[in-house]
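The sequence shown begins at 1364 in my numbering and counts up one residue at a time.
First up is the structure itself, then whatever we jot down about it.
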Amino acid sequence: MKSTKTQFGRSGRQQRRGGFTLVEMLVSVTLVILIMLMFGEIFGLATSTLGRQRGITQNDQRSRTLTIVIKGDLSKRTFRNMIPFAPNEQSGNFGDDPRMLGGDLDNRQGYFTYSENEVGDDTDDVLQFTMRSTITQQNEDTSPFYGRAFSPWEPGTSYQVGNFMCPTKGNGYVYVCTGAGVSSLIELDPWPTGSGITDGTVTWDAYIDLTVNENQPDSDDGVPGNASGTSTEAEVCYFLRNGTLYRRVQLIRQPLGDEAQPRNEIPAPQFDYFAPAGITNPYNGSFWRDFDYSAFHAPTAASPTRGIRFHSSKSLFNHYREPGFSSTPLGVPAYRFGHTHYIAGSPLSGQPREFVGSTPATRRFIGRFTHEETSYRGATVAANFGYPFDNTATPMTSTALTLNNQSVVTQFFGDTSSRRAEDIMMTNVHSFDVKIWDDFLGGFYDVGHSETEDTIGNNNGTLDPGEDLNGNGVIDPGYYNYASPFHFNLAFGPNPLPAAPTDPVNRVYDTWHSQVDLDGDGTLEAPPYRPISLGPDGLPGAALVDDDLNGTVDDVSELLFPNTDDSFQPLRAIRITIRFDDEASDQMRQMTIVHSFIDK
């Protein structure tokens, strides 16, 4: 039987389509692009989130580290009872304040100082104080402080000075070999000056035999020759310059059973010589390049422009300085790091150096000199930092210093071998603001502020209930606090006073010493601020004592109670606010440290 299917029937069936239409293709591409954009957006958000989290984590870590260091330093301060010394306090004289006789000196060692400068500027505050790591009232960690301490070079070694080789032999004479514009300390045979052909100019200094006397800072850690010293006591200073927070630490010597000042034993014991610097030593001019130690300028009649002394634990004692006995307590500003040495009759004597520039247009804040600057070694010895060994053209009083565009003192910039960045605590810091607790106002304020009972109340300028506690017709400040009207020493601070000072341009809190006479005129000077709580009569007064430091001894008849009607107010707390950012994540962070000065 024949099939009925025909060729036409077979060819009439529809054939399956083999591709996409244009519309379908466009839709597919659009969907793919949208999906890619979505994943790209998700990836970008994830990356951004991770970056922010990383920045937050880094900032958290930085803030934790900073908090630990700052609070750790504050907890180790040697000045525990924060009452500044009054002139002649605890001298034993008839006019002494009976409440402070003896001065609680065990709890008032060393010093604590804070400079505010401009009240509205959070970048020009300076905080400096002395520490002892063995103090455990607020912190049980007793780890000591460490720093650099060079010793005389080993005998039998050749040292290169510029293009010259300077050989050494034996524990003998210490010399300075200069050549090719470079100066360095070396130990040489006793060659006469300039006798060598390839040794540059050799200058005799002093004989030091370490086999006789090993009293060198390098030996303070018990390991001579490691160029490192240690101490449980130190000066520390915090300041901000151009977005960098610095922490400068200077060790206070604790030699092993010896005097603080290294000495020359031959021909007779003297306390003037040590390696590599001494009273008559033509030193390389960079003391703080070789030593992380607290020292002060101490010239003699034989050497009126040169001389240096180490501080020791004795320098923390603020005892009354008996006439005829020399003492150099750190409570006296002229002996501290960052302060000018004694200059008789000069307003610069003992002042902190916090600015450079000779005119208002060129005046720039530096806080303190950095490690990079104090370790600077120039083409000649005269170009080196020099201080505190040499006060010739000293940077502490020079009016020629300027700040370059990298915020480094121009005259001490460019030494590639300097100790740059060794004192940096944190970078990318926007503000470092210090405030102290004002008992009367009940809050944290800048020292030298202008707030009163009226301004923190209704500030209407008129007497209102509670604003005139003593009934004398004047808004009552409550007591002599940290407000600018109660500034006892306008002259102390980094800013020169105008001819007729009306504004306290020097806003400094300082614990002081009972015998401070910075200008050498024979008149003891008062601390900048010394808060006193007033009694019921509204007048400060202790019998036969000039409590308000106005030059008049208070009369017994003004007092409502025996001996006294007021009490000194210690500084109770400090608040430090720091703002910084993380460049990678662009995250800003503000941290606040509140530290109590009241021991548990």
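For glycine and all other residues, C-beta sits at the position ideal for the given N, C-alpha and C.
Under 8 Å between C-beta atoms of residue i and residue j
i: TYR1477; j: ILE1956; result: no
i: ASN1869; j: ASN1858; result: yes
i: ALA1590; j: ARG1511; result: yes
i: PHE1673; j: ARG1616; result: yes
i: ALA1449; j: ARG1893; result: yes
i: ASP1944; j: GLN1421; result: no
i: MET1954; j: ILE1937; result: no
i: LEU1711; j: GLY1473; result: no
i: ARG1471; j: PHE1492; result: no
i: ASP1488; j: PHE1795; result: yes
i: GLU1717; j: VAL1772; result: no
i: GLU1479; j: GLY1811; result: yes
i: LEU1619; j: VAL1792; result: no
i: VAL1695; j: LEU1490; result: no
i: ARG1610; j: ASP1786; result: yes
Nearest neighbour of residue i, chosen from the options [CA to CA]
i: ARG1440; options: THR1595, GLU1404, PHE1383, GLY1883; result: THR1595
i: TYR1739; options: SER1780, LEU1385, SER1761; result: SER1780
i: LEU1888; options: GLN1878, PRO1894, ILE1895; result: In the sequence under discussion, the amino acid at residue 1888 is Glu, which differs from the Leu named in the question. The shortest C-alpha separation from GLU1888 is found at GLN1878.
i: ASN1681; options: PHE1807, TYR1750, THR1874; result: THR1874
i: PRO1758; options: GLN1714, ALA1724, VAL1390; result: GLN1714
i: GLY1720; options: LEU1766, ARG1611, PHE1513; result: LEU1766
i: PRO1667; options: SER1675, ARG1716, ILE1706, VAL1482; result: ILE1706
i: ARG1783; options: GLN1769, THR1762, HIS1734; result: HIS1734
i: TYR1730; options: GLY1701, THR1755, THR1737; result: Note that residue 1730 is Gly in the sequence shown here, rather than Tyr. Per the Cα distances, GLY1701.
i: SER1678; options: ILE1405, SER1657, ARG1425, ALA1661; result: SER1657
i: ASP1467; options: ASN1444, ASN1451, THR1486; result: ASN1444
i: LEU1592; options: PHE1931, ARG1604, VAL1612; result: Checking the sequence shown, residue 1592 turns out to be Gly, not Leu. Residue VAL1612 is the option with its Cα nearest to GLY1592.
i: SER1948; options: SER1391, THR1412, LEU1400, GLU1404; result: THR1412
i: ASP1753; options: HIS1704, ARG1952, THR1725, LEU1614; result: HIS1704
i: ARG1669; options: TYR1601, ASP1801, ALA1756, VAL1871; result: ALA1756
i: ILE1446; options: ALA1409, ASN1768, ASP1469; result: ASP1469
i: ASP1778; options: THR1497, ILE1498, SER1649; result: SER1649
i: ALA1763; options: THR1722, ASP1485, LEU1394; result: THR1722
i: ASP1880; options: PRO1861, ALA1854, VAL1871, TYR1872; result: ALA1854
i: VAL1586; options: TYR1509, VAL1395, LEU1603; result: TYR1509
i: SER1959; options: PHE1931, ILE1939, LEU1394, PRO1580; result: ILE1939
Cβ neighbour criterion (16 or more within 10 Å) applied to residue i
i: MET1789; result: buried
i: ASP1962; result: exposed
i: VAL1386; result: exposed
i: HIS1876; result: buried
i: LEU1934; result: buried
i: GLN1416; result: exposed
i: TRP1516; result: At TRP1516 the pLDDT is 44, less than 50, meaning the model places this residue with poor confidence; the figure from the coordinates comes in the next sentence. So TRP1516 ends up on the buried side.
i: ASP1423; result: exposed
i: GLY1749; result: buried
i: MET1494; result: buried
i: ALA1742; result: exposed
i: GLY1805; result: exposed
i: PRO1891; result: buried
i: GLN1932; result: buried
Bridge partners - residue i, DSSP secondary structure assignment
i: TYR1656; result: LEU1614
i: PHE1508; result: SER1594
i: GLN1491; result: THR1476, CYS1600
i: GLY1806; result: ASP1801
i: ASP1945; result: GLN1950
i: VAL1957; result: ARG1938
i: ARG1471; result: PHE1442
i: VAL1871; result: SER1478
C-beta neighbour in chain C for residue i, strict 8 Å
i: PHE1849; result: The displayed structure is made up of one protein chain only, and chain C is not part of it.
Please go through the stretch 1419-1455 and give each complete beta strand (DSSP E) segment of 3 or more residues, from N-terminal end onward.
none
Whole beta strand (DSSP E) elements within the stretch 1658-1739, 3-residue minimum:
1658-1660, 1671-1673
Minimum length 4: unbroken alpha helix (DSSP H) runs contained in the stretch 1388-1418:
none
Sequence ranges, alpha helix (DSSP H) only - wholly within the stretch 1734-1799, length at least 4: 1734-1737
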